[in-house]
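Numbering-wise (my numbering), the sequence shown opens with residue 10 and increments by one.
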Amino acid sequence: MKSWPKHSWYVLASVSAAAFVISAPASAQSGSDLMSLDDGSLKSELEMRYDASLAATLDPAVVNAIDTRYMWASEAKVQCAIAIGFMKNDLRDEDSIRKCDAAYLRWMAPPAPLAPPPPPPPPAACNTGNFIVFFDWDSAEITPEAASTLDGAIAGLADCSRISVQLGGYTDTSGSDGYNMGLAERRNAAVRSYLTARGLNDTIISSAAFGESKLRVPTADGVRELQNRRVELNVQ
10 MKSWPKHSWY VLASVSAAAF VISAPASAQS GSDLMSLDDG SLKSELEMRY DASLAATLDP
70 AVVNAIDTRY MWASEAKVQC AIAIGFMKND LRDEDSIRKC DAAYLRWMAP PAPLAPPPPP
130 PPPAACNTGN FIVFFDWDSA EITPEAASTL DGAIAGLADC SRISVQLGGY TDTSGSDGYN
190 MGLAERRNAA VRSYLTARGL NDTIISSAAF GESKLRVPTA DGVRELQNRR VELNVQ
């Protein structure tokens, strides 16, 4: 069997299929190695490559893989079919034989390993610390400003696994000691209720009432002072 000359009308027979061609680099077993085989052996090698490549293009594991095996199997199928077609006319087309073999070796090679997944993001910071909410005079109602502070504290605790919340209730010096101790307890209760209504577990909250015994701003007795009418939250 003779090799087919480069410039011949027979080349036109492969133009439509050649649109699929992707240039293949030289490999360990190149097309020139196949060219050294006798006609029968060469035909068997080409048919084996064609059959395997055709089967690969119909294999869902290859078709759906996130690698280049399907592309190279399709290329090998086209080029091997062209080479076999030439051989049926007792001709060897070295170009299609070389490309058949190169594409076949490409899709038969083990796929490159996938890149490892990115590391998980670091855990969100747990926003522990101290917070203070203030109250109107002689009141245990949560003000809008106090609600805003408590909402911020709650949001910062969303990613905490184990925490404790300690409440300290205080008053200013207006009113009797006994009355102020009760008022401090009611302020603690109001903050506790606000926190638990928004998802915090009651079992992690403890409280203590101090009345007017620990002033934030020192004053004389009987003085109304906003900074002293407070609940301090210690979150840890």
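Even glycine gets a Cβ: it sits at the ideal position worked out from N, Cα and C. Because the structure is a prediction, the values reported are computed rather than measured.
Could you say which of ASP102, SER148, SER202, SER183 lies nearest to VAL229 if we only look at CA atoms? Note that residue 229 is Ala in the sequence shown, not Val. Closest by alpha carbon: SER183.
Kindly indicate the opening and closing residues of the alpha helix (DSSP H) around GLY49. 48 to 66
Per-residue burial, MET57 [other beta carbons within 10 Å of its own, 16 or more giving buried]: exposed
Run of the beta strand (DSSP E) containing ASN136, from where it starts to where it stops: Unbroken run through ASN136: none, as it is neither H nor E.
Can you grab the Cα-Cα spacing for the pair MET80 / ARG107, in whole Å? 17 angstroms
Do you know how far the Cα of PHE95 is from the Cα of ALA65? 23 angstroms
Beta-carbon contacts of ASN139 that lie in its chain and below 6 angstroms, excluding the five residues immediately before and after: So the qualifying residues of the chain are ASN243.
For THR180, collect the residues of the same chain with a Cβ closer than 7 angstroms to its Cβ; drop the 5 residues on either side in sequence, then sort them by chain order. Within the same chain, THR180 has close Cβ partners ASN189, LEU192, ALA193, GLY220, GLU221, ASN237, ARG238.
Secondary structure of SER215, DSSP reduced to three states: strand
Who are TYR179's beta bridge partners in DSSP? In DSSP, TYR179 forms a bridge with GLY220.
Which parts of the segment 90 to 139 are runs of the alpha helix (DSSP H), unbroken and 4 residues or longer, counting only runs that do not cross its ends? The alpha helix (DSSP H) runs lying completely inside the segment 90 to 139 and spanning 4 residues or more are 103 to 117, given in chain order.
Excluding the 5 residues flanking SER215 on each side, which residues of the same chain have their C-beta closer than 8 angstroms to its C-beta? SER173, VAL174, GLN175, LEU176
I need the straight-line Cα distance from SER32 to CYS169, nearest angstrom please. Because SER32 carries a pLDDT of 36, less than 50, the predicted location of this residue cannot be relied on, and no value is offered for it.
Where does GLU234 fall in DSSP's three states? coil
Which of helix, strand or coil does DSSP assign to VAL226? coil
From the DSSP secondary-structure annotation, give me the bridge partner or partners of LEU144. It should be pointed out that residue 144 corresponds to Phe in this sequence rather than to Leu. BP columns for PHE144 are empty, so no partner.
Taking C-beta to C-beta, are GLY165 and ASN210 nearer than 8 angstroms? no
Tell me whether the segment 71 to 80 and the segment 42 to 52 touch, counting them as touching only if at least three CB pairs, one residue from each stretch, are closer than 8 angstroms. no
Report back the beta-carbon spacing between TRP146 and ARG225 to the nearest angstrom; my notes put them in contact at under 8 angstroms. Going by Cβ atoms, the distance from TRP146 to ARG225 rounds to 15 angstroms, so no, they are not a contact pair.
Using the Cα positions of ASP76 and LYS97, report the straight-line distance between them to the nearest angstrom. Taking the straight line from one Cα to the other gives about 34 angstroms.
Can you tell me whether GLU241 is helix, strand or coil according to DSSP? strand
Relative to the C-alpha of LEU123, which residue among SER202, ALA74, ASP99 is closest? Comparing alpha-carbon positions, the option among SER202, ALA74, ASP99 lying closest to LEU123 turns out to be ALA74.
Member of PRO131, GLU103, VAL200, PRO126 whose CA lies at the smallest distance from the CA of THR158: Checked all of PRO131, GLU103, VAL200, PRO126; the closest Cα to THR158 is VAL200.
Take ALA61 as the anchor and find which of LEU46, ALA90, ASP48, ILE151 has the nearest alpha-carbon. It is ALA90 whose Cα lies nearest to the Cα of ALA61.
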